[in-house]
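K.L.:
My questions all concern the structure below.
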Amino acid sequence: MEEEWTPKITLFCCNWCSYAGSDDAGVGRKQQPPSTRTIRVMCSGRTDPGFVLTALMEGSDAVLFTGCHIGDCHYISGNYKAKKRFEMLKEILDEIGLEDERLQLQWISASEGSEFAEYIRKVTEEIKAIGPSPLRQEWMK
Amino acid sequence: MNIGDRIVAWSKDEEIKKEGASGGLVTSLLTAALKGELVDEVIALQKVSEFEGVPIRTSNVDEVIKCSGSLHAAPINLTKFAVRFFEAHPDGTLALPAKPCDARGIIEQAKRKKINLEKTYLIGLNCGGTMPPITTMKMLEKMYEINPDDVIEEEIERGKLIFKTEKEEKAISIDELEEAGYGRRENCRYCETNIPVMTDVACGNWGAGKNETFVEIFTEKGLKLMNNAIELGLIETAPATEKGIKIREKTNSVMEKVAKKWHKKIFVPIEDRLERFHYYMDVMEDCIDCEACKYVCPVCACDESKCIDFYDPMDSHKISIYHLVRLLHISDSCIGCGQCTDVCPAEIPLTILHRRMADRIQAKYDYIPGMDMKIPPSFEVE
Ligand SMILES: Cc1cc2nc3c(=O)[nH]c(=O)nc-3n(C[C@H](O)[C@H](O)[C@H](O)COP(=O)(O)OP(=O)(O)OC[C@H]3O[C@@H](n4cnc5c(N)ncnc54)[C@H](O)[C@@H]3O)c2cc1C
Ligand code: FES
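Keeping their order, the protein sequence lines are chains A and B. Numbered according to our numbering, the first sequence spans residues 43 to 183. Numbered according to our numbering, the second sequence spans residues 20 to 401.
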């Protein structure tokens, strides 16, 4: 039986805001597709570009950077660093021919459960529309 | 003498003057710096043949004298040798001849605290480009019909590349050679920095007469270098002529225009996304994981290499993470020196890949690497 393809999306959440936000979405029973693989980091500033590249090479169809809103980072400037890394990664992924949608950045606070669920629904639809990542090896499920 | 002065100068020692590329000034400045105890050590390029030079680090004046003359077909970058000096002697002082790409590499390393620029005397060499040694030997056989071993002198004059042997002298225009796939290295063709304005003094033969060097002084250190050599009675100077100054400026601006043209010709944008993807996949496929490109890179400054942190030669990724991290990591500081392409045993056009990425990032953050110490690396977050 042909199953409908769901993308695999790697989601980096910071411990203090976006992870709590995703938790809030779950507790509030907000509907979201089972497309994300969540990795909790202490701060969005911990999201090394190497993590992102590894995720993409190992079969993720998209990677999402999430963290506290600018000004709210619990380590003061972690999300500024995340933003800069995101911008640089965007350039290189575009340069090697990856679609714009495959790397995204979203600030999510601990209380934004419904925004979080809404965002995951939106991204999953976007990735479904563009299909599997060209970086994914044929043998990767 | 003042900062900003433009003069011509030459060595008082007849032997050095004769052996030097244009009057032996650079050699005399280096020896004077050692004799006058301005510096502890000097880096220079020792000639093995017209097509090979070995960088040496020495405090022996005689060895420095043996290094005089320009090696146009020894495309080496001296940055990492200067880094090694400061690793061994954190408080030492150093002097070295520096083409624009040597100087820019050194400044980027200084920004990352690997080189103490205040204790480094940079004697800038104008540079119109270097040539790949093996290709140049082939060119000599094919285009010049000269045996590479017979070459005793090589010279560039009015856009022509001249080779001399005991018996004959042949000149062919550089444009013609480059059309045929010879001539300068690809990255030198599109390099727009010919006069190293980021050094202490810039030396060159543009605008100077026979056996003299045109010098422009940029810094306090440069002034010290010149005065030291004058006091020791090693060099002679004269004001530059109006005509000389004009010739130098004109030649420089012509070279810049030619470089821009080459840049356009070589970096044709690949508009289609999927085509770009396949391009990167194809060129990087040949990588044999030797990491040579990382060792020679003059701007790579990690203590523990970031580029191999996330990568394993056993990976079966479509595009190597090693190269992607390197592309990212030096995109702000890449100066386009071409060392990575030179050493790649798999002949991956690495310099082109790095330049494609660096052009994007450097334009985006409005940052030109290696020009001065004022602006911090663009990776720094405000
Ligand atoms: C590759 C190259 C291209 C050049 N192109 C131009 C040009 O287009 N226009 C111009 O005006 N001048 C150019 N020059 C500079 C010029 O050739 C002379 O070096 C300069 O005029 C100083 O002459 P000199 O007699 O005082 O140097 P010398 O006393 O002969 O001393 C030269 C010094 O340069 C070092 N050296 C030689 N080859 C290299 C190399 N490949 N990389 C680093 N160091 C080296 C030697 O070790 C020596 O210490 C170029 C030099 C080089 C090396
Ligand atoms: S703690 Fe959330 S971004 Fe730094």
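Ideal Cβ placement from N, Cα and C applies to all residues, glycine included.
#1: Please go through the segment 123–150 of chain A and give each complete beta strand (DSSP E) segment of 3 or more residues, from N-terminal end onward.
#2: I want to verify the contact list: residues of chain B whose CB lies under 7 Å from the CB of Q179/A, in sequence order.
#3: Just the C-alpha distance for L141/B and L113/B, rounded to the nearest angstrom, thanks.
#4: CB-CB under 6 Å to D66/A, same chain, minus the five flanking residues each way: which ones, in chain order?
#5: Indicate whether P338/B and M300/B have their beta-carbon atoms separated by less than 8 Å.
#6: Taking a Cβ distance cut-off of 9 Å, strictly less, list which residues of the segment 274–299 of chain B are near chain A, in chain order.
#7: Report, in whole angstroms, the separation of the C-beta atoms of V61/B and V83/B, which I expect to be a contact under 8 Å.
#8: Could you name the residues of chain B that E133/A contacts, counting a contact when the two beta carbons are closer than 9 Å?
#9: Kindly indicate the opening and closing residues of the beta strand (DSSP E) around C110/A.
#10: Tell me, please, whether the CB atom of D110/B is closer than 8 Å to any CB atom in chain A?
#11: Let me check understanding here. Comparing Cα to Cα, which of Y386/B, V362/B and H373/B lies closest to I95/B?
#12: CA-CA distance, L372/B and L346/B?
#13: Candidates I266/B, H297/B, E290/B and F100/B: which alpha carbon is nearest A320/B's?
#14: Extract the residue ranges of the beta strand (DSSP E) inside the segment 182–222 of chain B, only unbroken runs of 3 or more that lie entirely within it.
#15: Any C-beta of chain A sitting closer than 8 Å to the C-beta of V344/B?
#16: Thinking just about the alpha-carbon of each residue, which of Q65/B, M162/B, K269/B and N213/B is nearest to the one in C120/B?
#17: Is the closest heavy atom of ligand 2 to the C-beta of S153/A under 7 Å?
#18: Compute the minimum distance between the beta carbon of S86/A and the heavy atoms of ligand 2, and state whether it is under 7 Å.
#19: Are there any heavy atoms of ligand 2 lying less than 7 Å away from the beta-carbon of G109/A, as far as the coordinates show?
#20: Should Y201/B be labelled buried (16 or more other beta-carbon atoms within 10 Å of its own) or exposed?
#21: Terminal residues of the continuous alpha helix (DSSP H) containing A227/B?
#22: Exposed or buried, which one is N21/B when buried takes at least 16 other CB atoms within 10 Å?
#23: From S78/B, L57/B and E69/B, pick the residue whose C-alpha is nearest to that of A7/B; which is it?
#24: So, with DSSP's three-state summary, where would you put W29/B?
#25: Who does K179/B pair with in a DSSP beta bridge?
#26: What's the gap between the Cα of D24/B and the Cα of C207/B?
#27: Taking just the CA atoms, how far does G68/A sit from E45/A?
#28: Is the closest heavy atom of ligand 1 to the C-beta of H91/B under 7 Å?
#29: Any heavy atom of ligand 1 closer than 7 Å to the Cβ of N21/B?
#30: Residues in its own chain within less than 6 Å of I51/A by CB, not counting five upstream and five downstream?
#31: Counting pairs of beta carbons, one from the segment 87–95 of chain A and one from the segment 107–121 of chain A, are three or more of them closer than 8 Å?
#32: Scan the segment 49–93 of chain B and note each continuous alpha helix (DSSP H) run of 4 residues or more that stays entirely inside, going in chain order.
#33: Which residues mark the beginning and the end of the beta strand (DSSP E) in which T78/A is found?
#34: Please list, in chain order, the chain B residues whose beta carbon lies closer than 7 Å to that of T96/A.
#35: Just list the beta strand (DSSP E) runs in the segment 91–126 of chain B, keeping only unbroken ones of 3 residues or longer that don't cross its boundaries, in chain order.
#36: Contact criterion: CB-CB distance below 8 Å. Does E143/A meet it with respect to chain B?
P.N.:
Reading it off the structure:
#1: Segments of the beta strand (DSSP E) lying fully in the segment 123–150 of chain A: 145–149.
#2: Numbered from 1 along the first sequence, position 137 holds the residue referred to as residue 179/A. Near Q179/A (Cβ distances below 7 Å), the residues of chain B are S335 and K337.
#3: Translated into positions along the second sequence, residue 141/B becomes position 122. Translated into positions along the second sequence, residue 113/B becomes position 94. In a straight line, the C-alpha of L141/B is about 9 Å away from that of L113/B.
#4: Within the first sequence, numbered from 1, the residue matching residue 66/A stands at position 24. If we look at D66/A and ignore the five residues flanking it on each side, its Cβ neighbours are G155.
#5: Residue 338/B sits at position 319 when you count from the first residue of the second sequence. Residue 300/B sits at position 281 when you count from the first residue of the second sequence. It is worth fixing the name first, because residue 338/B is Ile in this sequence and not Pro. In contact: I338/B and M300/B (Cβ atoms closer than 8 Å).
#6: Within the segment 274–299 of chain B, the residues whose Cβ lies closer than 9 Å to some Cβ of chain A are I289, D291, R292, L293, E294, R295, F296, H297, Y298 and Y299, listed in chain order.
#7: Taking the first residue of the second sequence as position 1, residue 61/B is located at position 42. Taking the first residue of the second sequence as position 1, residue 83/B is located at position 64. About 5 Å separates the CB atoms of V61/B and V83/B; that is less than 8 Å, so the two are in contact.
#8: Here residue 133/A refers to the residue found at position 91 when the first sequence is read from its first residue. By Cβ distance, chain B contributes L347, S350, M376, R379, I380 and K383.
#9: Working through the first sequence from its first residue, we reach residue 110/A at position 68. Neither: C110/A is in no beta strand (DSSP E) and is coded neither H nor E.
#10: If you number the second sequence from 1, residue 110/B lands on position 91. Taking Cβ atoms only, chain A never reaches closer than 8 Å to D110/B, which makes this a no.
#11: Along the second sequence, read from residue 1 onward, the residue named residue 95/B stands at position 76. If you compare the alpha carbons of Y386/B, V362/B and H373/B with that of I95/B, the shortest gap goes to V362/B.
#12: Translated into positions along the second sequence, residue 372/B becomes position 353. Translated into positions along the second sequence, residue 346/B becomes position 327. Distance between the alpha carbons of L372/B and L346/B: 8 Å.
#13: Taking the first residue of the second sequence as 1, we reach residue 320/B at position 301. Out of I266/B, H297/B, E290/B and F100/B, F100/B has the C-alpha closest to the C-alpha of A320/B.
#14: Here the runs fully enclosed are 188–192.
#15: Residue 344/B sits at position 325 when you count from the first residue of the second sequence. With 8 Å as the cut-off, V344/B counts as an interface residue toward chain A.
#16: Working through the second sequence from its first residue, we reach residue 120/B at position 101. Measuring from the Cα of C120/B, the nearest candidate turns out to be N213/B.
#17: Locating residue 153/A in the first sequence gives position 111, where the first residue counts as 1. Not under cutoff, so the answer is no.
#18: Stepping through the first sequence from its first residue, residue 86/A is reached at position 44. It does: the Cβ of S86/A is within 7 Å (strictly closer) of some heavy atom of ligand 2.
#19: Numbered from its first residue, the first sequence carries residue 109/A at position 67. At least one heavy atom of ligand 2 lies closer than 7 Å to the C-beta of G109/A.
#20: Translated into positions along the second sequence, residue 201/B becomes position 182. Y201/B is buried by the Cβ-count criterion.
#21: What you label residue 227/B is simply residue 208 of the second sequence in a count that begins at 1. In the DSSP assignment, A227/B falls outside any alpha helix (DSSP H), carrying neither H nor E.
#22: Translated into the one-based positions of the second sequence, residue 21/B becomes position 2. Exposed.
#23: One cannot answer for residue 7/B here, as it falls past the ends of chain B, which runs 20 to 401.
#24: In the second sequence, residue 29/B corresponds to position 10, counting from 1. Correct three-state label for W29/B: strand.
#25: Taking the first residue of the second sequence as position 1, residue 179/B is located at position 160. According to DSSP, K179/B bridges with E176/B and S192/B.
#26: Here residue 24/B corresponds to residue number 5 of the second sequence, with the count starting at 1. Here residue 207/B corresponds to residue number 188 of the second sequence, with the count starting at 1. Taking the straight line from one Cα to the other gives about 28 Å.
#27: Residue 45/A sits at position 3 when you count from the first residue of the first sequence. Residue 68/A sits at position 26 when you count from the first residue of the first sequence. Inter-residue distance for E45/A and G68/A is about 25 Å (C-alpha atoms, whole angstroms).
#28: Along the second sequence, one-based indexing puts residue 91/B at 72. Between ligand 1 and the CB of H91/B, the shortest heavy atom gap is smaller than 7 Å.
#29: Locating residue 21/B in the second sequence gives position 2, where the first residue counts as 1. False, no ligand heavy atom lies under 7 Å from that Cβ.
#30: On the first sequence, residue 51/A is found 9 positions in, with the first residue counted as 1. Taken in chain order, the residues that qualify are S77, T78 and A104.
#31: With a cut-off of 8 Å, the segment 107–121 of chain A and the segment 87–95 of chain A count as touching, because enough Cβ pairs lie within range.
#32: If we require 4 residues or more, the alpha helix (DSSP H) runs fully inside the segment 49–93 of chain B come out as 80–85.
#33: As a working note, residue 78/A is residue 36 in the first sequence. Unbroken beta strand (DSSP E) run through T78/A: T78 to V83.
#34: For the purposes of this step, residue 96/A is identified with residue 54 of the first sequence, where counting begins at 1. Result: F329 and I340.
#35: For the segment 91–126 of chain B, whole beta strand (DSSP E) runs of length 3 or above, ordered along the chain, are 113–117.
#36: If you number the first sequence from 1, residue 143/A lands on position 101. Answer no: the Cβ-Cβ gap between E143/A and chain B never drops below 8 Å.
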